[in-house]
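K.L.:
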Ligand code: NAD
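In our numbering, the protein residues as written are 1 to 512.
(1) Since residue 353 is in the alpha helix (DSSP H), which residue starts that stretch and which ends it?
(2) Between the C-alpha atoms of residue 110 and residue 493, what's the straight-line distance to the nearest angstrom?
(3) Just to check, is the beta-carbon of residue 198 closer than 7 Å to a non-hydrogen atom of ligand 1?
(4) Can you tell which of 454, 486, 499 has its C-alpha closest to the C-alpha of residue 130?
(5) Exposed or buried, which one is residue 313 when buried takes at least 16 other CB atoms within 10 Å?
(6) Give a yes or no on contact between the segment 331-345 and the segment 280-292, applying the rule of three or more CB pairs nearer than 8 Å.
(7) Alpha carbon to alpha carbon, what distance is there between residue 59 and residue 320?
(8) Could you pull the start and end residues of the beta strand (DSSP E) that residue 267 belongs to?
(9) For residue 510, count the other beta carbons within 10 Å of its own beta carbon; 16 or more makes it buried, fewer makes it exposed. Which is it?
(10) State yes or no: is the C-beta of residue 265 nearer than 7 Å to some heavy atom of ligand 1?
(11) Which same chain residues, not among the five before or five after residue 5, have their C-beta less than 8 Å away from its C-beta?
(12) Touching or not, the segment 149-169 and the segment 467-479, by the rule of three or more beta carbon pairs under 8 Å?
(13) Between residue 3 and residue 150, what straight-line distance do the alpha-carbon atoms span, to the nearest angstrom?
(14) Would you call residue 498 buried or exposed, if buried means 16 or more other Cβ atoms sit within 10 Å of its Cβ?
(15) So what's residue 21 in DSSP terms, helix, strand or just coil?
(16) Should residue 26 be labelled buried (16 or more other beta-carbon atoms within 10 Å of its own) or exposed?
(17) Does the count of Cβ pairs from the segment 435-443 and the segment 321-333 closer than 8 Å reach three?
(18) For a quick check, are the C-beta atoms of residue 211 and residue 24 less than 8 Å apart?
(19) Cβ of residue 397 versus every heavy atom of ligand 1: is any distance shorter than 7 Å?
(20) Give a yes or no on contact between the segment 417-428 and the segment 295-305, applying the rule of three or more CB pairs nearer than 8 Å.
(21) Ligand 1 and residue 444: does the residue's C-beta get closer than 7 Å to at least one heavy atom of that ligand?
(22) Spatial neighbours of residue 286 within its chain, please: C-beta separation below 7 Å, excluding the five flanking residues on both sides.
(23) Would you be able to state if there are at least three C-beta pairs under 8 Å between the segment 259-276 and the segment 238-250?
(24) Indicate, with yes or no, if ligand 1 has a heavy atom lying under 7 Å from the CB of residue 24.
(25) When you compare only the Cα positions, how much space is there between residue 153 and residue 132?
(26) Considering just the uninterrupted stretch of the alpha helix (DSSP H) at residue 139, what are its terminal residues?
(27) Give every residue of the same chain whose Cβ lies closer than 6 Å to the Cβ of residue 520, excluding the five residues on either side of it in the sequence, and list them in chain order.
(28) If you draw a straight line from the alpha carbon of residue 140 to that of residue 158, how long is it in whole angstroms?
(29) Which one of 224, 176, 310 has the shortest CA to CA distance from residue 213?
(30) Assess contact between the segment 271-278 and the segment 187-200, defined as three or more Cβ pairs (one per stretch) separated by less than 8 Å. Is contact present?
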């Protein structure tokens, strides 16, 4: 996503609050002389500036995390679990404050900020089980007097690079398990909504997390490549757009690091002819326009199979006026603005390109009064029908409140279409036929599948990840795969011998 640069005088910028780094338990102001603007998307006004890390500040953050590692790693499992419980409680008792910060910089409605936070906290709750999660295995008497056991140890300093759309939840996907398993962590949040990262850091410190275990480095590509190439960083978790994910995966692995890099999405919702029209239309509207479509698990494309097309489109059309758009802090709003003006305009351009390429614009978000008259980054909901796979609005990830509809005749065509798309993050099938749904879960080449569930984000004790261009690396995020990602296995073969039986033997060790 490209960030907007609204005109603002230097004097006005100088008076704005500044979001800086969090290194070794305190706020550290950047001396790079560079910053980026932070906006309230509902008003279009710049509210803050965010620092951009210099190479020296990257070194400072890495050094702090490196220094904190030996002590944190040696901290007992009970103490680490206790700290995670306290962090969970700190987040839980500040839900309103965290939610307000998210809405003020991202724009999503407060209920959605609360939802994001709830799902994020579930990842911290999972990490509280670290004494169980980090258990090894033990085999007694594999040979006479010999035992073998395995342990999982932390990697060292690990970094997380996160997108604008979930400024609290996506970092929690990463740092809960990373810290619980004994690593120290550096978060590089999006410059668009950076404040929540600092607030979480402060809450973690109050909860008893030792300084240096969790650090925040604000910045852009310089910070990202500094972290991705740094010899003292053992692993990178990335979530963002596919071009950045691919680049970070390639440069991180080239530098010898473990990397999990989650990318973009274009989630298809397949609707079979027997689906319940009302339930499916409700699901399409909620999953397509919730959080203004700025969710990597949002439904982007509805694939109607056979005759259900016309009644379903009618049912969706009827529901569109119910999507009340406004400032995310207004309890009446169901959908807020988009995150920046530049992004809003890019999303709107797909309505025009769809029209030019022959699609039917059933609802045009540019007709919403807030798009025309407000300084906020608003766009109404759009529904584009008669879309074909060659159109830009089908191929590209739009990441906004735009639902595209592709009509096919058969289930097989729907599966082929979905499987041939560049992205394979999430998908959902809507049907009353259990056999068809079961066949779909077998046939579909996508990492996360919903059956009459439009946004199938796995719970925290499973792992999250797409396929194809939606994920680079072998490891999905959070849950059991997250614990595995942040730890390395060690196997110990042990004997406490009787010195009397000691002898030289040059053969390969055998069990006996
Ligand atoms: P983005 O790729 O622009 O930015 C993500 C992070 O990477 C930010 O911290 C940013 O500063 C940094 N970054 C951006 N471009 C970079 C580059 N070329 N080199 C190095 N660092 C770079 O993504 P965004 O606009 O913040 O977020 C939206 C995107 O994230 C969408 O594509 C969405 O699908 C994706 N996303 C995916 C998932 C998932 O789980 N697969 C979840 C959330 C968001």
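C-beta atoms are modelled at their ideal positions from N, C-alpha and C, and glycine is treated no differently.
P.N.:
Here's the rundown:
(1) 341-356 is the extent of the alpha helix (DSSP H) around residue 353.
(2) Distance between the alpha carbons of residue 110 and residue 493: 54 Å.
(3) Incorrect: residue 198 has no Cβ contact closer than 7 Å to ligand 1.
(4) Residue 130 has its Cα closest to that of 486, out of 454, 486, 499.
(5) Flag for residue 313 reads buried.
(6) Enough Cβ pairs lie closer than 8 Å, so yes.
(7) Taking the straight line joining both Cα atoms gives about 50 Å.
(8) Taken as a continuous stretch (DSSP letters only), the beta strand (DSSP E) holding residue 267 covers 267-271.
(9) Exposed, because fewer than 16 other Cβ atoms sit within 10 Å of the Cβ of residue 510.
(10) Result yes, Cβ under 7 Å from ligand 1.
(11) Only weak support exists for where residue 5 lies, its pLDDT of 42 falling under 50; the value from the coordinates is given anyway. The residues are 37.
(12) The count of Cβ pairs closer than 8 Å, one atom from the segment 149-169 and one from the segment 467-479, stays below three, leaving the stretches out of contact.
(13) Low confidence applies here, because residue 3 scores a pLDDT of 45, under 50, leaving its location unreliable; read the following figure in that light. Spanning the alpha carbons of residue 3 and residue 150 requires a straight line of approximately 47 Å.
(14) Result: exposed.
(15) Three-state result, residue 21: strand.
(16) Label assigned to residue 26: exposed.
(17) The answer is no - the segment 321-333 does not touch the segment 435-443, with fewer than three Cβ pairs under 8 Å.
(18) With respect to the 8 Å criterion, residue 211 and residue 24 are classified as neighbours on the basis of their beta carbons.
(19) A heavy atom of ligand 1 is found nearer than 7 Å to the CB of residue 397.
(20) In this structure the segment 417-428 touches the segment 295-305; the number of beta carbon pairs closer than 8 Å is three or more.
(21) The answer is no for residue 444.
(22) Within the same chain, residue 286 has close Cβ partners 454.
(23) Yes: the two stretches touch, three or more of their Cβ pairs being nearer than 8 Å.
(24) Result no, Cβ not under 7 Å from ligand 1.
(25) The alpha-carbon atoms of residue 153 and residue 132 are separated by roughly 14 Å.
(26) Taken as a continuous stretch (DSSP letters only), residue 139 belongs to no alpha helix (DSSP H), being part of the beta strand (DSSP E) at 137-143.
(27) The shown model of the chain, from 1 to 512, leaves out residue 520, and the question about it has no answer.
(28) Taking C-alpha positions only, residue 140 is separated from residue 158 by approximately 34 Å.
(29) Of the residues 224, 176, 310, the one whose Cα lies closest to the Cα of residue 213 is 176.
(30) Contact fails between the segment 271-278 and the segment 187-200, because fewer than three Cβ pairs, one in each stretch, are under 8 Å apart.
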